[in-house]
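A.B. asks: For reference, the structure I am asking about is given below.
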Amino acid sequence: MSKYSVSDRISIVKAYYSSNNSPIADQRKFATEYKLKTTCPSVITIKNVIEKFERTGSVDVSTLHRLLRNFALRLRHANDVFTESVLIGVERGMEECKHQFQWDRWGCPRSSFNLFSKSSKQPATKEMAFLHAMISSSIVITVTKNCSLGHFKSCGCDESKKGGFDYKGWHWGGCSDHVKMGNKMAKLYLDNKESGRDLKALINLHNYRVGRLAVKKSMTKTCKCHGVSGSCEIQTCWMRTRGIREVGDILKDAYQRAQLFSTNINGFNLPLKPQKRKMDNRIHHQQTHERLQIPKQQLAYLEYSPNYCVANASVGVPGTRGRVCSRMAGRNVTKAERQSCRNLCRVCGYKVQMKTETRTERCSCKFTFCCKVSCKTCDIQHIHHVCA
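Residue numbers (UniProt numbering): 1 to 388.
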């Protein structure tokens, strides 16, 4: 888990943009140091923000300093009303990544991704290809759902999907999810991380796009019946995005089929195709960049995965020592879970150690008339299997 929560980060941003008590000289100094426009609204000195959050103890100072700096650089172009939705999308994407790789040696550690730093230090492995696509798709889904729920004034339902009857007896209605703003925010926060024009940056941009496309291509039509006694003579239908779990499953399949994009003495083994990339003028000037000639929905990577058994801080690999494995069996247990103790522990040279943890939980709950639930507290033992 991250050492600072989404709410902490949102509070920091609000504090950063809501105060205007700093002297003009300090504002200019801060703007120069962090390459901000002097017209940036409500710039306050980082000193004031650090002092405020030191008192509350929400986050440590070094993390706060880095967070504010990168927020400042990014939000001068962004509409910060979407910031909360984007941050929640990142967190949900990380949670889904952890779920998808729960029984894999990589495990999707939290250190693998930082929205507010360049991704050049992370190796362009197959696993990072999945993570980039997962984060991108999660941002699209979260922002799109917020738009459909009316949380933002600048976006809403897809109005093009309204009215008109189909020959099958249904017509567009309801509130169709409109992914346009979700795509825009995902591009703004993720594509802008890739400032370089090297092959690695192009691969990362491609994988972000795979995530966005996974949401768009997997949208489904949902219908509601109308008629006498629910006879379904007429249906009202709308388009909706799939859930993060469903998109995660789609991207995990894409991970299994990911393509290695290698280089050789003669150059790249796949050609590069020049293509114009149009961006919002508030974000970037229109620029030209090269896109890879890889199928649009196929994940791509540059480097073979390192040994995930052994901890390697330089590439953000925590190793599998201390990882929890499963000895569950049955029809509902996946092959990866059944083989997790072997793959995470024994193959990596570790033993499987059984640990018992005692937790105090509510138990023997009863409903009392009227309208009250009373429970006892019990000490319940939980058995875990850990690589040691």
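Glycine included, each C-beta is placed from N, C-alpha and C at the ideal position. Predicted model, so just to flag it, every value in this text is computed and none were measured.
1) For the structure I just gave you, are there three or more beta carbon pairs, one from the region 303-323 and one from the region 209-229, closer than 8 Å?
2) Return the bridge partner residues of Q381 from the DSSP annotation.
3) For T358, count neighbouring C-beta atoms within 10 Å of its own C-beta (all shown protein chains included) and say buried if the count is 16 or more, exposed if not.
4) For F82, tell me which candidate among S154, V347 and H132 has the shortest Cα-Cα distance.
5) Assuming C147 and S176 form a contact by the criterion Cβ under 8 Å, report the distance between their Cβ atoms to the nearest whole angstrom.
6) Does the distance from the C-beta atom of M129 to that of L299 stay below 7 Å?
7) Among K200, H178 and I139, which residue has its Cα nearest to the Cα of K126?
8) Helix, strand or coil: how does DSSP classify M219 here?
9) Less than 7 Å separating the beta-carbons of L190 and Y208?
10) Would you kindly check if the distance between the Cβ of R197 and the Cβ of S218 is under 7 Å?
11) To the nearest angstrom, report how far apart H385 and R327 are at their CA atoms.
12) Below 7 Å between beta carbons: does that hold for A329 and W103?
13) Is it true that the CB of T356 sits closer than 7 Å to the CB of I383?
14) For I234, write down the residues that DSSP places opposite it in a beta bridge.
15) Alpha carbon to alpha carbon, what distance is there between C371 and A254?
16) Keeping to the same chain, check which residues put their C-beta closer than 6 Å to that of C375; ignore five residues upstream and five downstream.
17) Output the boundary residues of the alpha helix (DSSP H) element that contains K296.
18) Taking 7 Å as the threshold (C-beta atoms), are R110 and residue 392 in contact?
19) Run through the DSSP bridge pairs and tell me what F367 is partnered with.
20) Alpha carbons only, please: which of F369, M181 and C378 is nearest the one belonging to V86?
21) Could you tell me which residues DSSP pairs with L260 in its beta bridges?
22) Let me confirm a value: C387 is counted as buried when at least 16 other C-beta atoms fall within 10 Å, else exposed. Which label applies?
23) Give me the Cα-Cα distance between I88 and V228, rounded to the nearest whole angstrom.
24) DSSP three-state label for M128, please.
25) Considering L190, what are the terminal residues of the alpha helix (DSSP H) in which it resides?
26) Taking the CB atoms as reference points, tell me whether W238 and T220 lie closer together than 7 Å.
27) Closer than 7 Å by C-beta to L115: which residues in its own chain qualify, once you throw out the five before and the five after it? Chain order, please.
28) Are the beta-carbon atoms belonging to G248 and E96 less than 7 Å from one another?
29) From the DSSP output, read off the bridge partner residues of C325.
C.D. replies: Reading off the structure:
1) no
2) T358
3) exposed
4) S154
5) Incorrect: roughly 11 Å between the Cβ atoms, too far for contact.
6) Note on identity: in this sequence residue 129 is Ala, with Met being the wrong assignment. Against a cut-off of 7 Å, the Cβ pair of L299 and A129 comes out as a contact.
7) K200
8) coil
9) yes
10) no
11) 8 Å
12) no
13) yes
14) H226
15) 49 Å
16) R362 and C365
17) Looking at the DSSP string, K296 is not in any alpha helix (DSSP H), and its letter there is neither H nor E.
18) There is no way to answer for residue 392, as the model of the chain reaches only from 1 to 388.
19) V373
20) M181
21) Y301
22) buried
23) 43 Å
24) helix
25) K180 to L190
26) no
27) V90 and Y189
28) yes
29) H385
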